[in-house]
């Protein structure tokens, strides 16, 4: 698999974002993740968005981080928030998410961010297992879904 930096508004990223939103809608019975995201949030040095391609050059996975600092949604100065971690069904269970996650962590560390944070939900047990097995620990809730009972927030120091 080839993993490359890609603008958040690139057609391949948009296609995969639409698929992950559809999956969120199916799992949670909602319209998907309503967190406001803009392509500029993922531009280096304040973020990064990655797209993974299979051997036939089909886009099969994504992940990104964006710089966040202290605000009314409980972020802390120096946070890097993980967003849109996703792998299409046919490419799962091959370690792709773990590779994307490691690249994002290293990029955020190099950008001077202090910790990686993420929000997921109880309807995504495989995501929770990935993050916990990668050193993430539960943290205070933050972000758009901080008041939702099914929301789970995790953090991992980058230093």
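Numbering (UniProt numbering), first residue to last: 1 to 159. Beta carbons: idealized from backbone N, C-alpha and C, even for Gly. This structure is a prediction, so every number in the text was calculated from the model and none was measured.
In summary, residue 17 is buried, with 16 or more beta-carbon neighbours lying within 10 Å of its beta-carbon over all protein chains present. The Cβ-Cβ distance between residue 50 and residue 5 falls below 8 Å. Remark: fewer than three beta-carbon pairs, one from each stretch, lie closer than 8 Å, so the region 113-133 and the region 48-63 are not flagged as touching. Of the candidates 150, 158 and 100, 150 places its Cα closest to the Cα of residue 120.
Within the same chain, and ignoring the five residues on either side of residue 39 in sequence, the residues whose Cβ sits closer than 7 Å to its Cβ are 7, 8 and 9. Within 10 angstroms of the beta-carbon of residue 77 lie fewer than 16 other beta-carbons, which makes it exposed.
Taking each of 43, 140 and 19 in turn and checking the Cα distance to residue 89, the smallest one comes out for 19. Setting aside the 5 residues that flank it on each side, residue 136 is surrounded in the same chain by 154 and 156, each with a C-beta closer than 6 Å to its C-beta; the list follows chain order. About 15 Å separates the CB atoms of residue 33 and residue 65; that is not less than 8 Å, and the two are not in contact. Every alpha helix (DSSP H) stretch that sits fully inside the UniProt domain "N-acetyltransferase" (3-159) and reaches 4 residues is listed by chain position as 11-28, 96-110 and 125-133.
Between the beta-carbon of residue 46 and that of residue 67 there is about 4 Å, and that keeps the pair under the 8 Å contact cut.
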